[in-house]
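According to full-length UniProt numbering, the sequence shown is numbered sequentially starting from 1.
Working notes, structure below.
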Amino acid sequence: MNILIVEDEEDIRHLLSVNLSSQGYNVIEASNGIEALELFYKNDIDLIIIDVMMPIMDGFKTVSKIRKTSKVPIIFLTARDDETDKVLGFGLGADDYVVKPFSIAEVISRVQAHLRRYIEYGVNNSNKIITNGSISIDTENYIARKNNIDIDLNPKELKILSLFMENIGRVYTKKQIYENVWGDMYHGDDNTIMVHISHIREKIEEDPKKPKYIKTIRGIGYRMEKNYD
1 MNILIVEDEE DIRHLLSVNL SSQGYNVIEA SNGIEALELF YKNDIDLIII DVMMPIMDGF
61 KTVSKIRKTS KVPIIFLTAR DDETDKVLGF GLGADDYVVK PFSIAEVISR VQAHLRRYIE
121 YGVNNSNKII TNGSISIDTE NYIARKNNID IDLNPKELKI LSLFMENIGR VYTKKQIYEN
181 VWGDMYHGDD NTIMVHISHI REKIEEDPKK PKYIKTIRGI GYRMEKNYD
């Protein structure tokens, strides 16, 4: 597995590289966003750890460019423990956010968790049937099922559910959901997203008021949880 570390502080970059290499990962290093993009497009990257504050191009701009073409797991690494920064990072498509100073054991644990989800449930899954608990989607025939019984979803609801099923554990903002599903610029129409999420919950949840699958992440958006029922 190839991990791209993007960090302008050499000591931190070296610390991460040594420890991740000891876990069997192949580590590729970059010191700024421009260098990171060049390496990303030249290599088959499985996960990115990226600092926010960097010279030439910061982490936010770098991630926004990567997310145009890739769903690879991205972990932000930063000294800025600010709620606004976290919301912005998740809004751009980050999967996780680690604040400095950090525990190297925690970083490794998060890397392993995100790679596991990416391999099992992400875009690299070669199966045409995506499954989470009692819910499944036939991505070739565009059919959703619960307990092997077809679920009546309209096209937008199916696209939203597919987006979550393909990225279990990832937080999506309303803006990201709208732009992924409707393919248009988001203009702050929160009600449209909320209504569609509500309809999906009514069809897949045992108790829509206490959802087990699609969770609301207050102040950020929504996330699909892994289920084993």
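Ideal placement from N, C-alpha and C gives every residue a C-beta, glycine not left out.
Cβ shell of residue i (< 8 Å), same chain only, five flanking positions each side left out
{"i": "residue 150", "result": "143 and 144"}
{"i": "residue 201", "result": "208, 211, 213 and 214"}
{"i": "residue 163", "result": "172, 177, 180 and 181"}
{"i": "residue 115", "result": "1, 46, 47 and 73"}
{"i": "residue 192", "result": "178"}
{"i": "residue 102", "result": "77"}
Presumed contact (8 Å Cβ cut-off) between residue i and residue j, rounded CB distance
{"i": "residue 40", "j": "residue 52", "result": "That pair is no contact at about 17 Å."}
{"i": "residue 49", "j": "residue 77", "result": "5 Å"}
{"i": "residue 226", "j": "residue 168", "result": "5 Å"}
Cβ-Cβ distance between residue i and residue j below 8 Å
{"i": "residue 174", "j": "residue 221", "result": "yes"}
{"i": "residue 135", "j": "residue 213", "result": "yes"}
{"i": "residue 113", "j": "residue 63", "result": "no"}
{"i": "residue 130", "j": "residue 137", "result": "yes"}
{"i": "residue 5", "j": "residue 29", "result": "yes"}
{"i": "residue 37", "j": "residue 104", "result": "no"}
{"i": "residue 147", "j": "residue 224", "result": "no"}
{"i": "residue 75", "j": "residue 44", "result": "no"}
Top-ranked residue by Cα proximity to residue i, from the options
{"i": "residue 58", "options": "35, 70 and 223", "result": "35"}
{"i": "residue 153", "options": "216, 15, 168 and 204", "result": "204"}
{"i": "residue 170", "options": "89, 37 and 155", "result": "89"}
{"i": "residue 68", "options": "183, 166, 10 and 133", "result": "183"}
{"i": "residue 24", "options": "3, 11, 44 and 42", "result": "3"}
{"i": "residue 233", "options": "165, 87 and 42", "result": "This structure cannot speak to residue 233, because the chain is shown only from 1 to 229."}
{"i": "residue 100", "options": "11, 42, 199 and 190", "result": "11"}
Close-in-space but distant-in-sequence residues of the same chain around residue i (CB under 7 Å, 5 per side omitted)
{"i": "residue 8", "result": "31, 32, 51, 54 and 55"}
{"i": "residue 196", "result": "156, 157 and 160"}
{"i": "residue 125", "result": "Annotation note: pLDDT 45 at residue 125 (below 50); position unreliable, no value reported."}
Spatial neighbours of residue i in its chain, beta-carbon cut-off 6 Å, leaving aside the 5 residues before and after
{"i": "residue 127", "result": "Residue placement at residue 127 is poorly supported in this model, since its pLDDT is 47, which falls under 50; the coordinates still yield a value, given next. Answer for residue 127: no residue qualifies."}
{"i": "residue 13", "result": "5, 7 and 29"}
heavy atom of the ligand PLP below 7 Å from residue i C-beta
{"i": "residue 106", "result": "With respect to the ligand PLP, the structure shown offers nothing to examine, as it has no ligands at all."}
Open item on the list: With a threshold of 8 Å, are at least 3 pairs of Cβ atoms found where one atom belongs to the stretch 13 to 21 and the other to the stretch 91 to 108?
Closed with: yes
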